[in-house]
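Colleague:
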Amino acid sequence: MAPRKSRPTERDRSRRILSQNFLADPTAVARLVRAADPDPDGLLLEVGAGRGQLTRPLAARCARLTAYEVDPAAGRELAAVCATLPTVEHRQADFLAAEPPPEPFAVVGNIPWSLTSAVVRWCLAAPRLRSATLLTQLEYARRRSGDYGRWTRLTVSTWPEFGWRLAGRVPRTAFRPVPAVDAGILRIERRAEPLLPRAALPAYQRLVAVGFEGVGGSLAASLRRHHPPSRVAAALRATRIASDTPVGYVWPEQWLVLFRLLHAR
Numbered sequence: 338m339a340p341r342k343s344r345p346t347e348r349d350r351s352r353r354i355l356s357q358n359f360l361a362d363p364t365a366v367a368r369l370v371r372a373a374d375p376d377p378d379g380l381l382l383e384v385g386a387g388r389g390q391l392t393r394p395l396a397a398r399c400a401r402l403t404a405y406e407v408d409p410a411a412g413r414e415l416a417a418v419c420a421t422l423p424t425v426e427h428r429q430a431d432f433l434a435a436e437p438p439p440e441p442f443a444v445v446g447n448i449p450w451s452l453t454s455a456v457v458r459w460c461l462a463a464p465r466l467r468s469a470t471l472l473t474q475l476e477y478a479r480r481r482s483g484d485y486g487r488w489t490r491l492t493v494s495t496w497p498e499f500g501w502r503l504a505g506r507v508p509r510t511a512f513r514p515v516p517a518v519d520a521g522i523l524r525i526e527r528r529a530e531p532l533l534p535r536a537a538l539p540a541y542q543r544l545v546a547v548g549f550e551g552v553g554g555s556l557a558a559s560l561r562r563h564h565p566p567s568r569v570a571a572a573l574r575a576t577r578i579a580s581d582t583p584v585g586y587v588w589p590e591q592w593l594v595l596f597r598l599l600h601a602r
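Residues in the sequence shown are numbered from 338 upward in steps of one, following my numbering.
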């Protein structure tokens, strides 16, 4: 007779639902804290604080820290850690439901991987966000940062306001339980000044949306649906983009030049 399976515990259910893999390697913790480079005088939000593995070293590097953890099992351990740290506020709450602070702040965290896209969207929409340093699946971090030599629509459309980069890698063995894949440290930084005038950003984003429509099989074909073909051809030549180049292989810097040429008066 096969052994009877034990009933899942509260923590087992949380791990499955929230995709929680806790950092257990001190070297990986230190690497993430270095990449976050907290402002010693600033406010830091930690998302997915878990049992506090990152909370202590982060609290030592910033003036104020708010640690979010929605999982009640991990939250009880986190509360005990935060009780010993006078500059840390523990919030047993869903980070994604929180209102962004009205003052400049940064975000850091070993986030539940199933919620990566939602956390990134929250960060990009927060008006006073300065930076977000997130431990994600390595593939996600590489795609968003252009590490494969290709660029996603989200990265390109936000490039005038945000820089994206892969700030490091963390092996899967640094986590408990051990996930199936390695992790990447994704660093998103708001630029001090946008690379385009703020009034031009909506038009730039519309251009990117058109380019990523995929109509006609190439960027050139998509752009010709909204701009004179001769003007599109001249803009592509000026940016050294072949007419059959797939849209994902166009660098963000080339998009900026395309926008300036196609929208020049």
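The beta-carbon is built from N, C-alpha and C at its ideal position, and this holds for glycine as well. Note that the structure is predicted; figures quoted are calculated from it, not measured.
Using C-beta distances below 6 Å, list every residue in its chain close to GLN429, excluding the 5 sequence neighbours before and after it, in chain order.
Modeller: GLY412
Colleague: Sorted by chain position, which residues of the same chain lie with C-beta nearer than 8 Å to VAL569's C-beta, five sequence neighbours on each side aside?
Modeller: ALA557, LEU560, ARG561, LEU599
Colleague: Run through the DSSP bridge pairs and tell me what ASN447 is partnered with.
Modeller: The partner list for ASN447 (beta bridge, DSSP) reads LEU472.
Colleague: Measuring straight from C-alpha to C-alpha, what distance separates CYS399 and TYR477?
Modeller: 28 Å
Colleague: Sort THR495, ARG506, ARG502 by Cα distance to LEU532 and report the nearest one.
Modeller: THR495
Colleague: Count the C-beta pairs between the stretch 464-474 and the stretch 431-441 that are closer than 8 Å, then say yes if the count reaches three, no if not.
Modeller: yes
Colleague: Let's see if you can read the secondary structure: which residues bound the beta strand (DSSP E) around GLU383?
Modeller: 380-384
Colleague: Beta strand (DSSP E) containing ARG428: first to last residue?
Modeller: Its beta strand (DSSP E) spans residues 425-428.
Colleague: For GLU279, count the other beta carbons within 10 Å of its own beta carbon; 16 or more makes it buried, fewer makes it exposed. Which is it?
Modeller: Coverage of the chain is limited to positions 338 through 602, which leaves residue 279 absent and any answer about it impossible.
Colleague: What separation, rounded to the nearest whole angstrom, lies between the Cα atoms of ASP349 and GLN474?
Modeller: Only weak support exists for where ASP349 lies, its pLDDT of 49 falling under 50; the value from the coordinates is given anyway. Their Cα atoms are separated by approximately 21 Å.
Colleague: Starting from ARG506, trace the beta strand (DSSP E) in both directions and tell me its first and last residue.
Modeller: 499-507
Colleague: Under 8 Å by Cβ, that's how I've got LEU369 and THR470 pegged, so tell me the actual separation to the nearest angstrom.
Modeller: 7 Å
Colleague: If the criterion is Cβ atoms closer than 8 Å, does the pair ARG458 and GLY500 meet it?
Modeller: no
Colleague: If GLY446 sits next to LEU472, beta carbons under 8 Å apart, how far is it from one beta carbon to the other, in whole angstroms?
Modeller: 7 Å
Colleague: Please classify THR403 as buried or exposed, where buried requires at least 16 neighbouring CB atoms within 10 angstroms.
Modeller: Classification of THR403: buried, given that the 10 Å Cβ count is 16 or more.
Colleague: Determine the closest residue to TYR405 out of ALA520, ALA386, ASP484, with distance taken between C-alpha atoms.
Modeller: ALA386
Colleague: Going along the chain, which residues of its own chain have a beta-carbon closer than 7 Å to the beta-carbon of THR582, five neighbours each way excluded?
Modeller: SER555, LEU556
Colleague: Over what stretch of residues does the alpha helix (DSSP H) that includes ALA365 continue unbroken?
Modeller: 363-373
Colleague: Just curious, the beta strand (DSSP E) that TYR405 is in, first and last residue?
Modeller: From DSSP, the beta strand (DSSP E) with TYR405 extends over 401-405.
Colleague: Please state whether DSSP places GLU590 in a helix, a strand or coil.
Modeller: helix
Colleague: Use the C-beta contact count for PRO566: other C-beta atoms within 10 angstroms, 16 or more gives buried, fewer gives exposed.
Modeller: exposed
Colleague: Given this structure, state the Cα-to-Cα distance separating GLN390 from ARG502, to the nearest angstrom.
Modeller: 24 Å
Colleague: Apply the 10 Å Cβ neighbour rule to PRO674 and answer buried if 16 or more other Cβ atoms are within range, or exposed otherwise.
Modeller: Shown here, the chain extends from 338 to 602; a query on residue 674 therefore has no answer.
Colleague: If you run the structure through DSSP and keep just helix, strand and coil, what is GLU414?
Modeller: helix
Colleague: Enumerate in chain order the residues of its own chain whose CB-to-CB distance from VAL545 is below 7 Å, with the five nearest sequence positions on each side excluded.
Modeller: ARG490, VAL493, SER494, TRP592
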